[in-house]
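Q: Structure incoming, see below.
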């Protein structure tokens, strides 16, 4: 760890202190973009087609979705995953579709797919390249978000390949200046007027204006707060940080205004030709007194990922609003799918950055792999809510060598967990038994229930039991068999006594089993028989 201008005692304390945890989310506002209020449903090109996609395939898939009744069933997104784009950005630096596989361009394809009643999704990576080594969006967030919004994109998957971690070091600030956009500075505040927290300290340097600078804003351990920053009217301003040059390494700083909005400063490795430097960003301020906090929230790779995904989410919302204003129409929100494979605990911060977050590595059409993904995701039910969903990855129903029972279990578990339902099979050549699974109206209704409450696993064993409340005074209960064909008997008092499930006590409960359509009633316990690797799913309603 570099000292980066800190006082010696502060540096030693920091050196031997425990790193902060990613749960210290600096920007804890929920990501409200009026999208994905139920888990997204659609289709993605990746699982089956990988790098072999073109406009013809997408149109044929859209036609299959219409012909098979999947659009009517609720599947409304059709998503281009990796390899949709050219290895070259265009002459303006914008992403563009593969020049020979999408010769008419992505906007034309979007129009064709919209004509089916579908919304279009697209892919990039939070890195210098995508997972298939094509141009990606790290350091191009604002520009790429605007490109997608102009194209009419309504779903965006953001991967994690070729990621570069944000520096944990902060620049050494000696003053800040405020100017209206298009004008000169109207206010400069020296570091001596800042209130300092944590490891932040004033350090002397007689060559600087004011004779000092702030050190110790590094790694989520220090903060400088400038209060009473007065501006004459509300609006967007230019914020300049004036810094002492230090070190041949990158630095990063957040400026957070009024606990409401923020801007970022990315400071490159610095040559020592001059003593000081100026870095600028736009920030929104209110009329009168403002509070501006300066800090670097990055103490770990998880913090870095959080900050990067929050920033892309911010750019997507701003781009959607900008395009709506330019075109004189309502905002078309972009569902933001965070895909960093669960390695940075996105369930702890994902709701501040986007609409859904991957909880695991990529899915495969292998039964044991699927069970592993389920085991990880099912524990995360407390983090799921309307507009913010755990994502155990796309569906593999109909792919590989999964048996019909395994396909049923896969789909039912995803529905019980309030997971996005993004199909990954070839819809043009689908077997009827596969269509019957992915178009099951009762299971789709469970997944899309307006309460948006993910299932809790109330019993773990050879047969897992999952339960969740539904709207209309109903409950869904799933029996997932991980062994050979078996009978089961489960006392209903375990659901009536569960503070999360909250099944009310009743003399009996009517039920419908979603695969067979069987109806009846249970009293005291739920009993039945379930096949190997299969599921039984019941919709219960207390009798009055």
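Numbering (the numbering used here), first residue to last: 10 to 553. Even for Gly, the Cβ is constructed at its ideal location relative to N, Cα and C.
1. Which first and last residues belong to the beta strand (DSSP E) in which residue 521 is found?
2. Give the list of continuous alpha helix (DSSP H) stretches no shorter than 4 residues that lie fully inside the region 31-60.
3. By Cβ distance, which residues of its chain are closer than 6 Å to residue 539, with the 5 residues on each side in sequence left out?
4. Once you ignore the five residues that flank residue 43 on each side, which residues in its own chain have a CB closer than 7 Å to its CB?
5. Which of the three DSSP states is assigned to residue 82 in this structure?
6. To the nearest angstrom, how far is it from the Cα of residue 443 to the Cα of residue 379?
7. For residue 115, count the other beta carbons within 10 Å of its own beta carbon; 16 or more makes it buried, fewer makes it exposed. Which is it?
8. Residue 299: buried (16+ other C-beta within 10 angstroms of its C-beta) or exposed?
9. Under a Cβ-count criterion, where at least 16 other Cβ atoms within 10 Å of its own Cβ denotes burial, should residue 284 be classed as buried or exposed?
10. Tell me which residues share the same chain as residue 153 and place their Cβ nearer than 7 Å to its Cβ, disregarding the 5 neighbours each side in the sequence.
11. Assuming residue 463 contacts residue 510 (C-beta within less than 8 Å), just tell me the rounded distance between them.
12. Alpha carbon to alpha carbon, how far is residue 1 from residue 279?
13. Counting along the chain, where does the alpha helix (DSSP H) carrying residue 297 start and finish?
14. What's the gap between the Cα of residue 389 and the Cα of residue 512?
15. Use the C-beta contact count for residue 31: other C-beta atoms within 10 angstroms, 16 or more gives buried, fewer gives exposed.
16. Mind checking residue 534: buried by the 16 CB within 10 Å criterion, or exposed?
17. Counting C-beta neighbours from all protein chains within 10 Å, is the total for residue 67 16 or more, i.e. buried, or is it exposed?
18. For residue 288 and residue 304, I'd like the C-alpha separation in whole angstroms.
19. Per DSSP, what are the beta-bridge partners of residue 149 in this structure?
20. Hey, how far is the Cα of residue 222 from the Cα of residue 229?
21. In three-state DSSP terms, what is residue 89?
22. Taking the alpha-carbon of residue 515 as reference, which of 553, 523, 496 has the nearest alpha-carbon?
23. So what does DSSP say about residue 389, is it helix, strand or coil?
24. Taking 6 Å as the limit between beta carbons, can you name the residues of its chain near residue 328, skipping five residues before and five after?
25. Would you be able to state if there are at least three C-beta pairs under 8 Å between the region 348-362 and the region 180-195?
26. Taking DSSP's pairing of strands, which residues face residue 207 in a bridge?
27. Relative to the C-alpha of residue 439, which residue among 48, 57, 460 is closest?
28. Put residue 202 into one of helix, strand or coil per three-state DSSP.
29. Beta strand (DSSP E) containing residue 189: first to last residue?
30. Taking the alpha-carbon positions, what's the residue 524 to residue 449 distance?
31. According to the neighbour-count rule (16 or more other Cβ atoms, all chains shown, within 10 Å of its Cβ), is residue 181 buried or exposed?
32. Between residue 529 and residue 497, how many whole angstroms is the CB-CB distance? I'm expecting something under 8 Å.
33. Measure the C-alpha to C-alpha separation of residue 47 and residue 461 and round it to an integer number of angstroms.
34. Classify residue 148 as buried or exposed, calling it buried when 16 or more other Cβ atoms lie within 10 Å of its own Cβ.
35. Taking the continuous beta strand (DSSP E) assigned at residue 178, which residues delimit it?
36. Classify residue 96 as buried or exposed, calling it buried when 16 or more other Cβ atoms lie within 10 Å of its own Cβ.
A: Straight from the coordinates:
1. Position 512 of the chain shown holds residue 521. Run containing residue 521: 518-522, per the beta strand (DSSP E) assignment.
2. 55-58
3. Working through the chain shown from its first residue, we reach residue 539 at position 530. Once the five neighbours on either side are set aside, the close Cβ partners of residue 539 are 488, 490, 545.
4. Sequence index remark: in the chain shown, residue 43 carries index 34 (1-based). Answer for residue 43: 342, listed in chain order.
5. Taking the chain shown and counting its residues from 1, the one referred to as residue 82 is at position 73. Of the three classes helix, strand and coil, the one that applies to residue 82 here is helix, per DSSP.
6. Residue mapping note: residue 443 aligns to position 434 of the chain shown, counting from 1. Residue mapping note: residue 379 aligns to position 370 of the chain shown, counting from 1. In a straight line, the C-alpha of residue 443 is about 17 Å away from that of residue 379.
7. Residue 115 sits at position 106 when you count from the first residue of the chain shown. Counting Cβ neighbours within 10 Å, residue 115 comes out buried, since at least 16 surround it.
8. Here residue 299 is taken as the residue at index 290 of the chain shown, counted from 1. That one is buried.
9. Here residue 284 refers to the residue found at position 275 of the chain shown. Label assigned to residue 284: exposed.
10. On the chain shown, position 144 is the one that residue 153 refers to. Closer than 7 Å at Cβ, skipping near neighbours: 104, 133, 146.
11. On the chain shown, position 454 is the one that residue 463 refers to. On the chain shown, position 501 is the one that residue 510 refers to. Not a contact, Cβ separation roughly 11 Å.
12. There is simply no residue 1 to check, as the chain begins at 10 and stops at 553 in what is shown.
13. For the purposes of this step, residue 297 is taken as residue 288 along the chain shown, with counting starting at 1. It is not in any alpha helix (DSSP H) - residue 297 instead sits in the beta strand (DSSP E) that spans 297-304.
14. In the chain shown, residue 389 corresponds to position 380, counting from 1. In the chain shown, residue 512 corresponds to position 503, counting from 1. If I take the Cα positions, the gap works out to 21 Å.
15. Along the chain shown, one-based indexing puts residue 31 at 22. With a pLDDT of 36 at residue 31, under the threshold of 50, the predicted position of this residue should be treated as unreliable, though the coordinate-derived value follows. Label assigned to residue 31: buried.
16. What you label residue 534 is simply residue 525 of the chain shown in a count that begins at 1. So residue 534 ends up on the exposed side.
17. Stepping through the chain shown from its first residue, residue 67 is reached at position 58. Burial call: buried.
18. Working through the chain shown from its first residue, we reach residue 288 at position 279. Working through the chain shown from its first residue, we reach residue 304 at position 295. Taking the straight line from one Cα to the other gives about 15 Å.
19. Mapped onto the chain shown, residue 149 falls at position 140. Partner(s): none; residue 149 has no beta bridge.
20. In the chain shown, residue 222 corresponds to position 213, counting from 1. In the chain shown, residue 229 corresponds to position 220, counting from 1. Computed Cα separation, rounded: 18 Å.
21. Position 80 of the chain shown, counted from the first residue, corresponds to residue 89. Residue 89: coil per DSSP, three-state reduction.
22. Counting from 1 along the chain shown, the entry for residue 515 is found at position 506. It is 553.
23. Locating residue 389 in the chain shown gives position 380, where the first residue counts as 1. Three-state DSSP puts residue 389 in a helix.
24. The count along the chain shown starts at 1 and reaches residue 328 at position 319. For residue 328, where only same-chain residues beyond five positions count, the Cβ hits under 6 Å are 154, 155, 158.
25. no
26. Taking the first residue of the chain shown as position 1, residue 207 is located at position 198. Residue 207 is bridged to 231.
27. Residue numbering aside, residue 439 sits at position 430 when the chain shown is read from its first letter. Residue 57 is the option with its Cα nearest to residue 439.
28. The residue you call residue 202 lines up with position 193 of the chain shown. It is helical.
29. For the purposes of this step, residue 189 is taken as residue 180 along the chain shown, with counting starting at 1. Taken as a continuous stretch (DSSP letters only), the beta strand (DSSP E) holding residue 189 covers 181-189.
30. If you number the chain shown from 1, residue 524 lands on position 515. If you number the chain shown from 1, residue 449 lands on position 440. If I take the Cα positions, the gap works out to 8 Å.
31. Position 172 of the chain shown holds residue 181. Per the 10 Å Cβ criterion, buried.
32. If you number the chain shown from 1, residue 529 lands on position 520. If you number the chain shown from 1, residue 497 lands on position 488. Not quite, the Cβ-Cβ distance comes to about 15 Å (not below 8 Å), so this is no contact.
33. As a first step, residue 47 is located in the chain shown; it is residue number 38 there, counting from the start. As a first step, residue 461 is located in the chain shown; it is residue number 452 there, counting from the start. Computed Cα separation, rounded: 7 Å.
34. Looking up residue 148 in the chain shown gives position 139. Exposed, since its Cβ has fewer than 16 Cβ neighbours within 10 Å.
35. For this step, residue 178 is matched to residue 169 along the chain shown. First-last for residue 178: undefined, no H or E at that position.
36. Position 87 of the chain shown, counted from the first residue, corresponds to residue 96. Label assigned to residue 96: exposed.
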